[in-house]
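There are 6 protein chains.
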Amino acid sequence: MFQEIFYEDYQVGDSRTTLGRTITEADIVLHAGQTGDFFPHHMDAQWCETQDFGQRIVHGTLTFSVGVGLTAVVVNPHGMSYGYDRLRFIKPVFIGDTLHTVVTISEKKDHKKRDNVGIVTEHLDVQNQHGETVLVCDHLLIVSKKAIQNG
Amino acid sequence: MFQEIFYEDYQVGDSRTTLGRTITEADIVLHAGQTGDFFPHHMDAQWCETQDFGQRIVHGTLTFSVGVGLTAVVVNPHGMSYGYDRLRFIKPVFIGDTLHTVVTISEKKDHKKRDNVGIVTEHLDVQNQHGETVLVCDHLLIVSKKAIQNG
Amino acid sequence: MFQEIFYEDYQVGDSRTTLGRTITEADIVLHAGQTGDFFPHHMDAQWCETQDFGQRIVHGTLTFSVGVGLTAVVVNPHGMSYGYDRLRFIKPVFIGDTLHTVVTISEKKDHKKRDNVGIVTEHLDVQNQHGETVLVCDHLLIVSKKAIQNG
Amino acid sequence: MFQEIFYEDYQVGDSRTTLGRTITEADIVLHAGQTGDFFPHHMDAQWCETQDFGQRIVHGTLTFSVGVGLTAVVVNPHGMSYGYDRLRFIKPVFIGDTLHTVVTISEKKDHKKRDNVGIVTEHLDVQNQHGETVLVCDHLLIVSKKAIQNG
Amino acid sequence: MFQEIFYEDYQVGDSRTTLGRTITEADIVLHAGQTGDFFPHHMDAQWCETQDFGQRIVHGTLTFSVGVGLTAVVVNPHGMSYGYDRLRFIKPVFIGDTLHTVVTISEKKDHKKRDNVGIVTEHLDVQNQHGETVLVCDHLLIVSKKAIQNG
Amino acid sequence: MFQEIFYEDYQVGDSRTTLGRTITEADIVLHAGQTGDFFPHHMDAQWCETQDFGQRIVHGTLTFSVGVGLTAVVVNPHGMSYGYDRLRFIKPVFIGDTLHTVVTISEKKDHKKRDNVGIVTEHLDVQNQHGETVLVCDHLLIVSKKAIQNG
Chain F
-1 MFQEIFYEDY QVGDSRTTLG RTITEADIVL HAGQTGDFFP HHMDAQWCET
49 QDFGQRIVHG TLTFSVGVGL TAVVVNPHGM SYGYDRLRFI KPVFIGDTLH
99 TVVTISEKKD HKKRDNVGIV TEHLDVQNQH GETVLVCDHL LIVSKKAIQN
149 G
Chain Z
-1 MFQEIFYEDY QVGDSRTTLG RTITEADIVL HAGQTGDFFP HHMDAQWCET
49 QDFGQRIVHG TLTFSVGVGL TAVVVNPHGM SYGYDRLRFI KPVFIGDTLH
99 TVVTISEKKD HKKRDNVGIV TEHLDVQNQH GETVLVCDHL LIVSKKAIQN
149 G
Chain H
-1 MFQEIFYEDY QVGDSRTTLG RTITEADIVL HAGQTGDFFP HHMDAQWCET
49 QDFGQRIVHG TLTFSVGVGL TAVVVNPHGM SYGYDRLRFI KPVFIGDTLH
99 TVVTISEKKD HKKRDNVGIV TEHLDVQNQH GETVLVCDHL LIVSKKAIQN
149 G
Chain R
-1 MFQEIFYEDY QVGDSRTTLG RTITEADIVL HAGQTGDFFP HHMDAQWCET
49 QDFGQRIVHG TLTFSVGVGL TAVVVNPHGM SYGYDRLRFI KPVFIGDTLH
99 TVVTISEKKD HKKRDNVGIV TEHLDVQNQH GETVLVCDHL LIVSKKAIQN
149 G
Chain V
-1 MFQEIFYEDY QVGDSRTTLG RTITEADIVL HAGQTGDFFP HHMDAQWCET
49 QDFGQRIVHG TLTFSVGVGL TAVVVNPHGM SYGYDRLRFI KPVFIGDTLH
99 TVVTISEKKD HKKRDNVGIV TEHLDVQNQH GETVLVCDHL LIVSKKAIQN
149 G
Chain S
-1 MFQEIFYEDY QVGDSRTTLG RTITEADIVL HAGQTGDFFP HHMDAQWCET
49 QDFGQRIVHG TLTFSVGVGL TAVVVNPHGM SYGYDRLRFI KPVFIGDTLH
99 TVVTISEKKD HKKRDNVGIV TEHLDVQNQH GETVLVCDHL LIVSKKAIQN
149 G
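Residue numbers (my numbering), protein chains in the order written: chain F, -1 to 149; chain Z, -1 to 149; chain H, -1 to 149; chain R, -1 to 149; chain V, -1 to 149; chain S, -1 to 149.
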């Protein structure tokens, strides 16, 4: 599970698909409990029936957390999560939907101030069981360069 | 808890501070369980002692989820979460840290394609008990306009 | 969320209705885990089928805890929970029921020993999605008096 | 675990002591998550340091739920929980306190309308590790009468 | 709940049946979270539909933990769990199945090195709502002998 | 994470070490909640202080579940868990201990009745942060044979 991957090893365009994960009613209950977000959109089935979406929808922060969590398979001691850009909620996620994430290396660039690292962007495309994208975001990683490492 | 707030009601520069929330060891355990991210940075106290940060650190997705969750106090039927920009992990969060979020309306702009809504940006500044910023992000909301609503 | 409310501010007859909350199977599982009450009425669907109520019923302590929790919206630094009277289980609550609480100020009276506080009674009427009362109780609050506070 | 106990079998004055249970930080986190009560008294260690009690205190509904749960050892098919009277929070409960409950049969009386059952009152005295009472309440049970049962 | 049972008190062939417990979707979610086992057999409903078993199956370690937990009713200060032999997964357990355990004293034998204790084997037969065995194991207990205790 | 491994691919003596995992107080609370085992050995810090081990100890089923869960990294579609032999609790596990598992292929043998599969034994040695073994067991896997697969 530990695997050393340097900046030079990342190839723009490389892609992998994670395992899938069904989002359950229990996940919503636990996430509301963890975040304190008890908005009726997530917690009140009766009210949701009166809304356009018709049923409880999964918290955006839960879809994001699970979508990201699914990618956490290999520990790379040379990389560090730096942040996320352009996180967008594309489609609602419902109880019983099964999510997986397609991870694509979408960009590599030098770090403005530090020679020994670069910034790698992973594009995350979280999809449901119908192959529809429900959430996208760009994950920014600061990764050590091999050359400098050895230098 | 339901409160009607239209696009016109948001004032750039307006700011509010949420309640605080102490992040516990239990929160990390539950978040690992929810996301499947069992990286040793969060789950292995023994290994963490050998690292620079010296102790378990809170998942970035947990800090984000709690930081956002703290703002979920008023349900505005005229607003909808659209996404997040420039999410950055500024400082590590440790077990026992108490977080609160400062929410500031940082921008308002028209929607490119739809006349009846605008885009409101809330800047979220999640701070620890020392007043240090640990995470920032820009929350994008699509909000109905009053005029159109009545027109 | 912090709001200063003195004894004098409470008006007998004032009423508010909370948000709703759907009670899920996960809530029963978590509450059994929290309380250690694994009685078959809550945990054994097979046995419940042989009983009058025909299906698993929600723990009384869970209905009470959620019914009370729904009211916890505003922190009043001048009030303190003192206890509950006449807590009654009126109807069984089943998995999937959506509860909300109607809170009514039902009584105000002086404290027998302390001049600077009074006792405010909130009547809690927890109802399901059919508008049926499932639990009632009287919540007793000790609240500071304004006059004394300033005196 | 199933044990048949009729109204006539209860003896006023009979008493039993439950097992003990340490209330952990995890219990507070889970109970906040279950009830939606994220008041700073329970969740914000930093704020609590500025208050009289100096540290996070356990939710009243949690102390009650655990205090009652500890008594749920024997399933009596002839008894049914009817409600609670005079529930009082006597002393604050802190993280790490170990609670047990002393259950005493305090009253028996006929049911006003139904001949075949009686009302048994169990007085619950929830105590901490110092033998101090932290919560009391009277648990009301409706219990079938043996005579009628056989008649 | 505390009950003193010595080695001599156990009778080979004695049997008891525990309460039942319905295994819920929430239990799987919590167990995955506790163990880190997010295999698609348990977590991915979409993938499971393509497999022979057709639906999510319960973790073997969960069936075992619940099957054993159901037996934990009486604390015997003279016994200590030593291990398990011949743990076998006989049939898959699905969400919604209700399990109970039949415990039979299957063997008693002296301890090879210590005179004052013996080894008692409890055979655990975990069954579903159809009376089908889903898991078996032999639980080994080291139990104090009465004679030596008094000697 | 899916990786095809046939019976012929397993080599007796091959060994791997899992990531580590710190067992927290929250894990005990959740496991008690999941199993219903609220024995004072795990839940009552006050009582534990009066016992030889002096502090709360982790449920055996939790140590087992986590020790096994740590090994669940690669999904092998050709293998199926069959059971466990010689599961032994060697040393108590305490809150805060960090566990990892050393997995060694200890035996391979033909299946008595089925030509197309064999039985592979993985010996699991669960160790704490001091390198002390706390639990051992032999995990039995039924694994498809390559030859037959192709034949």
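All C-beta atoms, glycine included, are put in the ideal place defined by N, C-alpha and C.
- For residue 60 of chain H, not one C-beta of chain F is nearer than 8 angstroms to its own C-beta.
- Cβ neighbours of residue 78 of chain S within its own chain (closer than 7 angstroms, five residues either side excluded): 139 and 140.
- Here the C-alpha atom of residue 114 of chain S lies approximately 9 angstroms from the C-alpha atom of residue 108 of chain S.
- Closest by C-alpha distance to residue 25 of chain F, out of F:16, F:41, F:14 and F:17, is F:41.
- Runs of the alpha helix (DSSP H) lying entirely within the region 107 to 142 of chain Z, each at least 4 residues long, are absent.
- Taking a contact to require three or more Cβ pairs closer than 8 angstroms, the region 3 to 15 of chain F and the region 13 to 32 of chain V do not qualify as touching.
- Note on geometry: alpha-carbon atoms of residue 38 of chain Z and residue 71 of chain S lie some 14 angstroms from one another.
- A straight-line Cα-Cα distance of about 12 angstroms links residue 1 of chain R and residue 7 of chain R.
- Assigned with DSSP and collapsed to three states, residue 11 of chain V falls in coil, not helix or strand.
- DSSP places residue -1 of chain S outside any alpha helix (DSSP H), giving it a letter other than H or E.
- Taking a beta-carbon distance threshold of 8 angstroms, residue 101 of chain Z does not count as an interface residue toward chain F.
- If you draw a straight line from the Cα of residue 65 of chain F to the Cα of residue 134 of chain Z, it comes to about 20 angstroms.
- Nearest CB-CB separation between residue 41 of chain H and chain V: below the 8 angstroms threshold.
- Note that the C-beta distance between residue 104 of chain R and residue 83 of chain R is not below 8 angstroms.
- Only exposed fits residue 128 of chain F, as fewer than 16 other CB atoms lie within 10 angstroms of its CB.
- Annotated as distal: residue 43 of chain Z and residue 31 of chain V, with beta-carbon spacing of 8 angstroms or more.
- In terms of Cα proximity to residue 54 of chain F, the closest of F:28, F:68 and F:90 is F:90.
- The beta carbon of residue 44 of chain V sits no closer than 8 angstroms to any beta carbon of chain Z.
- Leaving aside the five residues that flank residue 4 of chain Z on each side, the residues in its chain whose CB is nearer than 8 angstroms to its CB run, in chain order, 76, 141, 142, 143, 144 and 147.
- Put simply, of Z:130, Z:117, Z:45 and Z:88 the residue whose alpha carbon is nearest the alpha carbon of residue 126 of chain S is Z:45.
- The C-alpha of residue 118 of chain Z lies about 19 angstroms from the C-alpha of residue 68 of chain Z.
- Put simply, the backbone Cα of residue 11 of chain Z is about 6 angstroms away from that of residue 102 of chain Z.
- If you draw a 10 Å sphere on the C-beta of residue 52 of chain H, you find fewer than 16 other C-beta atoms in it, and that means exposed.
- Going by DSSP, residue 62 of chain F is part of no beta strand (DSSP E) but of the alpha helix (DSSP H) stretching over 58 to 67.
- For residue 80 of chain V, at least one C-beta of chain S is nearer than 8 angstroms to its own C-beta.
- Taking the C-beta atoms as reference points, residue 124 of chain R is found nearer than 8 angstroms to residue 99 of chain R.
- In the three-state reduction of the DSSP assignment, residue 83 of chain Z falls in the strand class.
- One finds 17 and 19 in chain F with Cβ atoms closer than 8 angstroms to the Cβ of residue 36 of chain V, taken in chain order.
- For residue 47 of chain R, the secondary structure class from DSSP, reduced to helix, strand or coil, is coil.
- For residue 121 of chain S, same chain residues with a beta-carbon under 6 angstroms away, outside a window of 5 residues either side, are 102, 104 and 136 in chain order.
- When Cβ-Cβ separations below 8 angstroms define contact, residue 29 of chain H makes contact with chain R.
- Pairing residue 116 of chain Z with residue 74 of chain Z, the inter-Cα distance amounts to about 14 angstroms.
- The C-beta distance from residue 88 of chain H to residue 131 of chain H rounds to 5 angstroms, short enough to fall under 8 angstroms.
- The shortest CA-to-CA distance from residue 86 of chain S to any of S:58, S:106 and S:-1 is the one to S:58.
- The criterion of a C-beta distance shorter than 8 angstroms is not satisfied by residue 61 of chain Z and residue 27 of chain R.
- For residue 39 of chain Z, the uninterrupted alpha helix (DSSP H) run begins and ends at 38 to 41, by DSSP.
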